[in-house]
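Trainee: Sharing a structure here in structure tokens format.
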Amino acid sequence: MSILIVGLLIFLGVHSLRIFAAAFCQRVQENLGMTTWKVVFALISIVGFVLIVWGFSLARQQPV
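Using the numbering used here, the letters of the sequence shown correspond one by one to residues 1388 to 1451.
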């Protein structure tokens, strides 16, 4: 269950950056460039999504 929660935190956290830390996002985009920022954003999102899927499959094997 903890893998599922970590995956949700990563996935939702990276997607919430624009809402809660707009200045940070803007600074990183300017430093890295838009294409690099999109690649990093996508990779972090994919890692979070994979953890969600893996954690969900593990949680289904051990129902409460």
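Each residue gets a CB set at the ideal place from its N, CA and C atoms; glycine is no exception. As the structure is a prediction and not an experimental result, all values here were calculated from the model.
Can Gly1442 and Ile1397 be called in contact, C-beta distance under 8 Å?
Mentor: Translated into the one-based positions of the sequence shown, residue 1442 becomes position 55. Translated into the one-based positions of the sequence shown, residue 1397 becomes position 10. No. Outside cutoff.
Trainee: Hey, could you find the ends of the alpha helix (DSSP H) Gln1448 is sitting in?
Mentor: The residue you call residue 1448 lines up with position 61 of the sequence shown. Residues Met1421 to Gln1448.
Trainee: Provide the residue span of the alpha helix (DSSP H) that contains Val1451, from first to last.
Mentor: In the sequence shown, residue 1451 corresponds to position 64, counting from 1. Where Val1451 is concerned, there is no enclosing alpha helix (DSSP H), given that its DSSP letter is neither H nor E.
Trainee: Would you identify the three-state DSSP class for Ala1408, choosing helix, strand or coil?
Mentor: Taking the first residue of the sequence shown as 1, we reach residue 1408 at position 21. Here Ala1408 sits in coil by DSSP.
Trainee: Under 8 Å, with one C-beta from each stretch per pair, do the stretch 1428 to 1448 and the stretch 1392 to 1412 reach the 3-pair mark?
Mentor: Flag = yes, the stretch 1428 to 1448 and the stretch 1392 to 1412 touch.
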